[in-house]
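Quick note: to get our numbering, add 1 to the position in the sequence shown (first position is 1).
We put the beta carbon where it would ideally sit given N, CA and C, even for glycine.
No experiment lies behind these values; they were computed from the predicted model shown.
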Amino acid sequence: MTGNPYLKPDIKKIIIYSILTLLVLLFINDIFFSGKNKQWDLQVYYYGALAHSKGLNPYDSTKVSKLAPVNFKFVYLPAALYFFKPLNLFEYNTAAVIYSIIQVLLLLYLFVLWKKYFLEKEFDTLFLVFCFFAFNSTVLIDFVTGNISIIEQAFLWTAFYFLLKRKPALFCIFVMLISFVKIVPVVLLLLLLFTNIKDRLKYIAGSFLIFIVYILYNVIFESVLFSGFIDNLRELDYGGISNPTAYTFTREILFIINKEISLPYVFGINVIIYLLYAAVLIYFNYKAINVYKKNNPAPNYKMLLFFGICTYVLLLPRFKSYSFILLIVPAYYLLKNIKLNKYYIALLALFLLTSGSSIPGYIFLNTFWNIFWSYYPFLLCVLMYIFYYKLIKDNSPELKNI
């Protein structure tokens, strides 16, 4: 006797939803019941804005410590303080709950946006689990730290939606809005160069002009606070798993080589290598994109967008662990579309690299393994870039010899 097929449980979905439920419960417990020392970035936003409202310098931690339970460094532009002031309408604990609810709602919004417009057939229930664990659990890190990265992603992916819909004005508006707070995303305006949208150069130039005026406002009319902003920014020159970028990775490799082999240190060599690396990356991008569009009358702009996002991440000298949310969709799209059997060597290498993580007597080698695991989100992005370049090259005969 055959049972009713509609009553047959989908084991895969049950397992995945069980894992997601467990993660949500752990998150609620961690943030709201044992999270007194969590969401430190939210404390920065809340007490920085509060200090400014009370006439204190939010960039002077010694003064703000009178209001805040912990010392911190406010590292956003002075004008961005007004973005955070609505938090001060509530007591901190209430503001923290409201803020977390907004984060959850925006994450749900991102899931809908990603499913409908960016992943489509690639979207499945496994993607939800992938979101929580990918790139050193970047989504969970954002919730724990209380950073505005999920808010940033909501603005950016809305902008990317308008870019794919060929609405450059709205694309520029959403990129600019979040750039007024985060600054760095303004670089993403250059994604317009990946398209054939008419007057794209005018949109880019006009948007950058507005952004320059915004920066000048901070420099001229908030000069004292702007000086504090620059001072605090200088203290964030660190790398490792919290800020895994090409710039900090190169610096650590050079430091180890200098220490272990006693090579003479050349002043500024790290900056020189980083600039050369950036120049090479930009050249390959320029060549690949132009040849691809030339050979494809109907380019896959979604793939070009994801390729551009990878390039953006690889070029930035500072990219925090919670910012890797930006790479989740490009990574999953890649996993669903590349032929894994062709890249088994690269995937195999990821497993083999772990075998040398702790070899007694090989201190020099062990140091390099430790660096690898401190920078593996960045190195995964490098791998993604190579795979996307391969996808573009496979559709562009002229790129075969590059």
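- Under the criterion of beta carbons closer than 8 Å, Thr139 and Phe325 qualify as touching, at roughly 4 Å.
- Ser322 and Leu316 have their C-alpha atoms some 15 Å from each other.
- Within the same chain, and ignoring the five residues on either side of Tyr77 in sequence, the residues whose Cβ sits closer than 7 Å to its Cβ are Val182.
- Taking all protein chains in view, the Cβ of Asp42 is crowded by 16 or more other Cβ atoms within 10 Å, so the residue is classified as buried.
- Residue burial is scored here from C-beta neighbours: Tyr284 has fewer than 16 other C-beta atoms within 10 angstroms and is therefore classed as exposed.
- Contact check between the stretch 95–103 and the stretch 144–153: three or more CB pairs, one atom from each, fall below 8 Å, which counts as touching.
- Looking at the backbone, the Cα of Leu237 and that of Asn297 are separated by about 43 Å.
- Look at Gln40 here: in three-state DSSP terms it is coil, with no helix or strand label.
- Annotation: the stretch 297–334 contains the following complete segments of the alpha helix (DSSP H) (minimum length 4 residues), in chain order: 302–316.
- Going by C-alpha positions, Glu123 is about 29 Å away from Val185.
- Per DSSP, the continuous alpha helix (DSSP H) segment holding Glu153 begins and ends at 150–165.
- Between Thr312 and Tyr278, the C-beta spacing is not below 9 Å.
- Boundaries of the alpha helix (DSSP H) harbouring Val182: 169–183, taken from the DSSP string.
- Taking all protein chains in view, the Cβ of Ala96 is crowded by 16 or more other Cβ atoms within 10 Å, so the residue is classified as buried.
- With a cut-off of 8 Å on Cβ pairs, the stretch 164–179 is in contact with the stretch 188–204, counting three or more such pairs.
- Tyr77 sits in coil when the DSSP states are folded into three classes, being neither helix nor strand.
- Inclusion of Phe379 and Ala280 in the CB contact set at 9 Å is not warranted, their separation being larger than that value.
- Scanning its chain for C-beta atoms nearer than 7 Å, with the 5 sequence neighbours on each side dropped, one finds around Tyr110 the residues Ala155, in chain order.
- Thr159 counts as buried, since at least 16 other C-beta atoms from the protein chains shown sit within 10 angstroms of its C-beta.
- Here the C-alpha atom of Tyr389 lies approximately 22 Å from the C-alpha atom of Leu114.
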